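*Asks:*
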Amino acid sequence: MTASPPTIRHPKITAPQFTTPQLSKERALSARRRARRTALIGWSFILPNFAGFALFTLIPVVACFFIAFTQWDAYNPPVLVGVNNFTRLLGDSNFWISVRNTAYYAFGHIPLTLAIALGLALLLNRALRGIGIFRTALFFPYLTSLVAVAIVFNLLFAPDNGPINQILNSVGIANPPRWTASTEWAMPTVIITSVWRDMGYYMILFLAGLQTIPREYYEAAEVDGANAWQRFRNITLPSLRPTTYFVLILLTISSFKVFDLIQVMTEGGPGRATLVLSQLIYRDGIVQGDYGYASAMSLALFVIVLSFTIVQFKLSERGNK
Amino acid sequence: MKRKLIASAAIAAAVALTLAGCSGGAGAPTSSDGKTVLSVSVWSMAKTPEFGALINAFEAANPDITVQPVDIAAADYSTKITTVLAGGDSTDVIGMKAIQDFTKLSGEGALLDISDLVTADTSAKVTGLDSYKVDNKYYALPYRWDSWVLFYNKDIFDAAGQPYPTTLTWPQYVDLAKKVTSGDGDSKIWGTFQVTWPTIVQNIAAVQTGKDFLGGDYSFMKDQYNVSLDLQKSGAMMDYSTSTSTKAGYAPLFTTGKAAMVPIGSWMISGIQQAMKDGTGTIKNWGIAPMPQIPGATSVTTMGTPTGFAVNKNAKNVDAAKKFVAFTSSAAGAQALAAVGNSPAYQDAASTATLFSLPGMPTDAESKTALSPDKAVLDTPQAPTTAAIVQIGTDEHQLIMAGQTSLDDGLKEMGDRANSEVLNK
Chain S
1 MTASPPTIRH PKITAPQFTT PQLSKERALS ARRRARRTAL IGWSFILPNF AGFALFTLIP
61 VVACFFIAFT QWDAYNPPVL VGVNNFTRLL GDSNFWISVR NTAYYAFGHI PLTLAIALGL
121 ALLLNRALRG IGIFRTALFF PYLTSLVAVA IVFNLLFAPD NGPINQILNS VGIANPPRWT
181 ASTEWAMPTV IITSVWRDMG YYMILFLAGL QTIPREYYEA AEVDGANAWQ RFRNITLPSL
241 RPTTYFVLIL LTISSFKVFD LIQVMTEGGP GRATLVLSQL IYRDGIVQGD YGYASAMSLA
301 LFVIVLSFTI VQFKLSERGN K
Chain D
1 MKRKLIASAA IAAAVALTLA GCSGGAGAPT SSDGKTVLSV SVWSMAKTPE FGALINAFEA
61 ANPDITVQPV DIAAADYSTK ITTVLAGGDS TDVIGMKAIQ DFTKLSGEGA LLDISDLVTA
121 DTSAKVTGLD SYKVDNKYYA LPYRWDSWVL FYNKDIFDAA GQPYPTTLTW PQYVDLAKKV
181 TSGDGDSKIW GTFQVTWPTI VQNIAAVQTG KDFLGGDYSF MKDQYNVSLD LQKSGAMMDY
241 STSTSTKAGY APLFTTGKAA MVPIGSWMIS GIQQAMKDGT GTIKNWGIAP MPQIPGATSV
301 TTMGTPTGFA VNKNAKNVDA AKKFVAFTSS AAGAQALAAV GNSPAYQDAA STATLFSLPG
361 MPTDAESKTA LSPDKAVLDT PQAPTTAAIV QIGTDEHQLI MAGQTSLDDG LKEMGDRANS
421 EVLNK
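Sequences listed follow chains S and D, in order. So the first sequence is numbered by UniProt numbering: it starts at 1 and just counts up by one. So the second sequence is numbered by UniProt numbering: it starts at 1 and just counts up by one.
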């Protein structure tokens, strides 16, 4: 990530000393043509990707800003309704419950995943026999299909005859939590599952960050008599700042738009205990065909994610000074 | 120059492919041999034998028409059909997989008024016709109607020394379920298995008591909830949370002899036959009884759900499309459907005989009459408020069945939410 791109050396063009106006004009023209050609070549390289991005992401995102102010069933032409969708949003208990649940999920998922991923990376950042096996094993959950993860964890967490509660029973816990069947425990269950799945991925990012810290720092610190905690606190953490920032941004965005895991595991239930914003957007938009209102909710989600990202950006900037 | 040629050829191919993808199914109205080509949207054709049966029978009866099915994966059907119709697609006949699809599409004005297809014969013999009626006009015709009935495993009842269920009341059903429950762990046989959908409690209560599911007062559901809560508490039925977390399926439980009774729609008939055919099921002797009734009921009332066909407003072959739709809910269509194990919406003695002559079907007279209840009502009344109220009902159903709220509080909350969020009372 920090590697600089290879520098391209252009052959130096030495301009002849004397030129007629006619010639210089031609040369200017050919230079412009060359520049245009270079630009076109550049464009042609990014075009396949950009065309797809524009068609399936950029245009819909821009359209969302318009659709949010209309009532639209996707079949008949949209009808402008002003800020109606937004005033409706403010009085919608489903919206507020899903905002609260999304925040609950994010504030559980982000710090836990960050801490565990960092811990695992520190643990596996050493020369050990068979370290590759451990790293691969921890990355494995991330490669597993999310639907499969959700179904298997549902079975593990089954309240009456699931293996987890049977183990808890056998160690003397008489009334173990009823996990996804209980309104209090449903969200923690989802968070545990998602942390388990994501930790390997972020661990790899931290591992990459750890590899870039020069060994000399630690050697110098050891000579100065710093203990393990002091070395971690004063060398590892500050050196990992760019990686941590990157991980934090990725985690924040993925947490706020969580959908698939919850849709498969609890469908937002029991009741509305795990109903999150993306799910509500999907329900109102795709399922019920109320695209205007769903777009207004998407904008609300966009504003939430944007403001968190800006705060993180500012904090990181201040930390860098 | 040459490179330019290749590039433009590639672009042309891409554009052609894209256009072909967009207009999939529209096609030319006539084929090379002068036949009319009728496009019909269907779902997961390989797993849904009814489409092949209907299309073959229709083509045999109408040699001048070739049917071109547009096959869409069942799980994506609703979303995809809404999207392509919004894009102005001209597929002639549109399959109505769920009643919600019909409500959405007819509400958007995407379907053609086909009231002229409703003859005296159809109105007399087709069950569920009015499910597709909006403002006294018909926008689709049902070809299948699946009533909810009580499936039971005769061998489990014989082993327990209990009589086969007949027209039970709900309390009798609970008692019987407790009596035929046996075993533990892997050898457990559940007295009954109910799906986790709220339908089995909320909608059947509304249909049998005649109360309004969209009305905002849900205290009438109390007795029906007590049936389910009693069953799961006594262990005669797998409890709700286990059913949801293990995603237990009613058809596998019934066909492997793990559940003595299953109240479900008649669509399970084809599931049982499939399981017996491919060897995943062990069930041998089974029967069908009418859906249990509320105490004091004088006739058999149950809920049901239609599956139908509509004509696209942008259809290219309107006449042929109407012919096809009319055929699917006629006596000839019913024969074709019954022959592959479906319950046709058009009910006559001939199609019932065909259905029950299939291998593995029960042969007793009670099972045959169970499929023709005195009154079969659409499970979920359709209105603009339906989707939101169904969602609220689902939320509260989960809380009540998982024991996260008391029955009274749950029903009160359901009414309060329906009134404040949807009905604006």
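C-beta atoms are modelled at their ideal positions from N, C-alpha and C, and glycine is treated no differently. For clarity, every value in this text was computed on a predicted model and none was experimentally measured.
Give the straight-line distance between the Cα atoms of A174 (chain S) and N154 (chain S), rounded to the nearest whole angstrom.
*Replies:* By 1-based counting over the first sequence, the position of residue 174 (chain S) is 174. By 1-based counting over the first sequence, the position of residue 154 (chain S) is 154. So the alpha carbons of these two residues sit roughly 21 Å apart.
*Asks:* So what's D146 (chain D) in DSSP terms, helix, strand or just coil?
*Replies:* In the second sequence, counting from the first residue as 1, residue 146 (chain D) sits at position 146. In the structure shown, D146 (chain D) sits in a strand (DSSP, three-state: E or B).
*Asks:* Provide the residue(s) that pair with W286 (chain D) in DSSP beta bridges, ordered along the chain.
*Replies:* As a first step, residue 286 (chain D) is located in the second sequence; it is residue number 286 there, counting from the start. DSSP output for W286 (chain D) lists D:N153 as bridge partner(s).
*Asks:* Which residue from D:N136, D:L371, D:D101 puts its Cα closest to that of I114 (chain D)?
*Replies:* Translated into the one-based positions of the second sequence, residue 114 (chain D) becomes position 114. Comparing Cα-Cα distances from I114 (chain D) to each of D:N136, D:L371, D:D101, the minimum goes to D:N136.
*Asks:* Between S:L90, S:F95, S:D260, which lies nearest to I191 (chain S) when the distance is taken from Cα to Cα?
*Replies:* As a working note, residue 191 (chain S) is residue 191 in the first sequence. Nearest option by C-alpha distance: S:D260.
*Asks:* Taking its Cβ as the centre, do 16 or more other Cβ atoms sit within 10 Å of E50 (chain D), making it buried, or is it exposed?
*Replies:* Position 50 of the second sequence holds residue 50 (chain D). Flag for E50 (chain D) reads buried.
*Asks:* For N76 (chain S), return the contacting residues in chain D, with the cut-off set at a CB-CB distance below 8 Å.
*Replies:* Along the first sequence, read from residue 1 onward, the residue named residue 76 (chain S) stands at position 76. Under the 8 Å cutoff, chain D gives E108, G109.
*Asks:* Express the C-alpha separation of A117 (chain S) and H109 (chain S) in angstroms, rounding to a whole number.
*Replies:* Here residue 109 (chain S) refers to the residue found at position 109 of the first sequence. Here residue 117 (chain S) refers to the residue found at position 117 of the first sequence. A straight-line Cα-Cα distance of about 12 Å links H109 (chain S) and A117 (chain S).
*Asks:* Between P270 (chain S) and T180 (chain S), is the Cβ-Cβ spacing less than 9 Å?
*Replies:* Here residue 270 (chain S) is taken as the residue at index 270 of the first sequence, counted from 1. Here residue 180 (chain S) is taken as the residue at index 180 of the first sequence, counted from 1. Yes, these two residues count as a Cβ contact at 9 Å.
*Asks:* Any beta carbon of chain D sitting closer than 9 Å to that of Q288 (chain S)?
*Replies:* The residue you call residue 288 (chain S) lines up with position 288 of the first sequence. Yes, because at least one Cβ of chain D sits closer than 9 Å to the Cβ of Q288 (chain S).
*Asks:* Between A350 (chain D) and M237 (chain D), what straight-line distance do the alpha-carbon atoms span, to the nearest angstrom?
*Replies:* Residue mapping note: residue 350 (chain D) aligns to position 350 of the second sequence, counting from 1. Residue mapping note: residue 237 (chain D) aligns to position 237 of the second sequence, counting from 1. So the two alpha carbons sit approximately 37 Å from each other.
*Asks:* Applying a beta-carbon distance threshold of less than 8 Å, which residues of chain D neighbour D160 (chain S)?
*Replies:* The residue you call residue 160 (chain S) lines up with position 160 of the first sequence. What D160 (chain S) touches in chain D: D239, S241, T242.
*Asks:* Considering just the uninterrupted stretch of the alpha helix (DSSP H) at A260 (chain D), what are its terminal residues?
*Replies:* Your numbering for residue 260 (chain D) matches position 260 in the second sequence. It is not in any alpha helix (DSSP H) - A260 (chain D) instead sits in the beta strand (DSSP E) that spans 259-265.
*Asks:* Can M364 (chain D) and W148 (chain D) be called in contact, C-beta distance under 9 Å?
*Replies:* As a first step, residue 364 (chain D) must be located in the second sequence, where it is residue number 364. As a first step, residue 148 (chain D) must be located in the second sequence, where it is residue number 148. Per the sequence shown, the amino acid found at residue 364 (chain D) is Asp instead of Met. No; because the gap between Cβ atoms is not below 9 Å, this pair is not in contact.
*Asks:* One question on the structure: do G292 (chain S) and I67 (chain S) come within less than 9 Å of each other, judged by their Cβ atoms?
*Replies:* For the purposes of this step, residue 292 (chain S) is taken as the residue at position 292 of the first sequence. For the purposes of this step, residue 67 (chain S) is taken as the residue at position 67 of the first sequence. Yes, they are a contact pair.
*Asks:* With 7 Å as the limit, tell me which residues of the segment 287-313 of chain S have their beta carbon closer than that to any beta carbon of chain D; keep them in chain order.
*Replies:* Listed in sequence order: Q288, G289.
*Asks:* Look at the alpha carbon of A332 (chain D) and the alpha carbon of V79 (chain S), and state the distance between them as a whole number of angstroms.
*Replies:* The residue labelled residue 332 (chain D) in the question sits at position 332 within the second sequence. The residue labelled residue 79 (chain S) in the question sits at position 79 within the first sequence. Each residue's alpha carbon lies about 45 Å from the other.
*Asks:* Within 9 Å of any Cβ in chain D, is that where the Cβ of A174 (chain S) sits?
*Replies:* Along the first sequence, read from residue 1 onward, the residue named residue 174 (chain S) stands at position 174. No - not a single Cβ of chain D is within 9 Å of the one on A174 (chain S).
*Asks:* Return yes when the Cβ of Y225 (chain D) is within less than 9 Å of the Cβ of V262 (chain D), no when it is not.
*Replies:* Taking the first residue of the second sequence as 1, we reach residue 262 (chain D) at position 262. Taking the first residue of the second sequence as 1, we reach residue 225 (chain D) at position 225. Not a contact, by the Cβ cut-off of 9 Å.
*Asks:* Would you check if the distance between the CB atom of A74 (chain S) and the CB atom of T83 (chain D) is smaller than 9 Å?
*Replies:* Taking the first residue of the first sequence as 1, we reach residue 74 (chain S) at position 74. Taking the first residue of the second sequence as 1, we reach residue 83 (chain D) at position 83. Yes, the pair counts as a contact, with Cβ atoms nearer than the cut-off.
*Asks:* Look at the alpha carbon of K133 (chain D) and the alpha carbon of F157 (chain S), and state the distance between them as a whole number of angstroms.
*Replies:* The residue given as residue 133 (chain D) occupies position 133 in the second sequence. The residue given as residue 157 (chain S) occupies position 157 in the first sequence. Cα to Cα, K133 (chain D) sits roughly 46 Å from F157 (chain S).
*Asks:* What are the partner residues of G304 (chain D), as DSSP defines its beta bridges?
*Replies:* Counted from its first residue, the second sequence places residue 304 (chain D) at position 304. Its beta-bridge partners are D:S147, D:L378.
*Asks:* Give the DSSP-derived three-state secondary structure of A120 (chain D) in the structure shown.
*Replies:* Residue 120 (chain D) sits at position 120 when you count from the first residue of the second sequence. If DSSP states are grouped into helix, strand and coil, A120 (chain D) belongs with the helices.
*Asks:* Between the Cα of D121 (chain D) and the Cα atoms of D:M361, D:Q162, D:A57, D:A345, which residue gives the shortest distance?
*Replies:* As a first step, residue 121 (chain D) must be located in the second sequence, where it is residue number 121. Nearest option by C-alpha distance: D:A345.
*Asks:* Note down the Cα distance separating residue 439 (chain D) from D284 (chain S), rounded to an integer number of angstroms.
*Replies:* This structure leaves residue 439 (chain D) out entirely; chain D is present only between 1 and 425.
*Asks:* In this structure, does DSSP put M238 (chain D) in helix, strand or coil?
*Replies:* On the second sequence, position 238 is the one that residue 238 (chain D) refers to. M238 (chain D) falls in the coil class under three-state DSSP.
*Asks:* Answer yes or no: does any C-beta atom of chain S fall closer than 9 Å to that of R417 (chain D)?
*Replies:* The residue you call residue 417 (chain D) lines up with position 417 of the second sequence. Yes - at least one Cβ of chain S is within 9 Å of the one on R417 (chain D).
*Asks:* Which chain S residues are close to A140 (chain D), counting only those with a beta carbon under 7 Å from its beta carbon?
*Replies:* By 1-based counting over the second sequence, the position of residue 140 (chain D) is 140. Those within 7 Å of A140 (chain D) in chain S number zero; the least Cβ separation is about 16 Å.
*Asks:* Among residues of its own chain, excluding the 5 on either side of W72 (chain S), which ones have a beta-carbon nearer than 6 Å to its beta-carbon?
*Replies:* Residue mapping note: residue 72 (chain S) aligns to position 72 of the first sequence, counting from 1. Closer than 6 Å at the Cβ level, and outside the excluded window around W72 (chain S), lie P78, Y291, G292.
*Asks:* For the segment 80-113 of chain D, list every residue whose C-beta sits within 9 Å of some C-beta in chain S, in sequence order.
*Replies:* T82, T83, L85, A86, Q100, K104, L105, G107, E108, G109, A110
*Asks:* So Q151 (chain S) contacts chain D; which residues on that side make the cut at Cβ distance below 9 Å?
*Replies:* Position 151 of the first sequence, counted from the start, is the residue given in the question as residue 151 (chain S). The sequence given here has Ile at residue 151 (chain S), not Gln. Near I151 (chain S) (Cβ distances below 9 Å), the residues of chain D are K247.
*Asks:* Alpha carbon to alpha carbon, what distance is there between S182 (chain D) and G403 (chain D)?
*Replies:* Taking the second sequence and counting its residues from 1, one reaches residue 403 (chain D) at position 403. Taking the second sequence and counting its residues from 1, one reaches residue 182 (chain D) at position 182. Their backbone Cα atoms lie some 24 Å apart in a straight line.
*Asks:* If we ignore side chains and look at the alpha-carbon of each, how far apart do C22 (chain D) and S44 (chain D) end up?
*Replies:* Stepping through the second sequence from its first residue, residue 22 (chain D) is reached at position 22. Stepping through the second sequence from its first residue, residue 44 (chain D) is reached at position 44. Confidence is the limiting factor: at C22 (chain D) the pLDDT is only 41, short of 50, which leaves the residue's position unreliable and the question unanswerable from this model.
*Asks:* Closest Cβ-Cβ distance between L112 (chain S) and chain D: below 9 Å?
*Replies:* As a first step, residue 112 (chain S) must be located in the first sequence, where it is residue number 112. Cβ-Cβ to chain D under 9 Å: no for L112 (chain S).
*Asks:* Provide the residue span of the alpha helix (DSSP H) that contains T189 (chain S), from first to last.
*Replies:* Indexing the first sequence from 1 puts residue 189 (chain S) at position 189. T189 (chain S) -> alpha helix (DSSP H) spans 186-211.
*Asks:* How about R100 (chain S): is its C-beta nearer than 9 Å to some C-beta of chain D?
*Replies:* Within the first sequence, numbered from 1, the residue matching residue 100 (chain S) stands at position 100. It does not: the Cβ of R100 (chain S) has no partner Cβ on chain D nearer than 9 Å.
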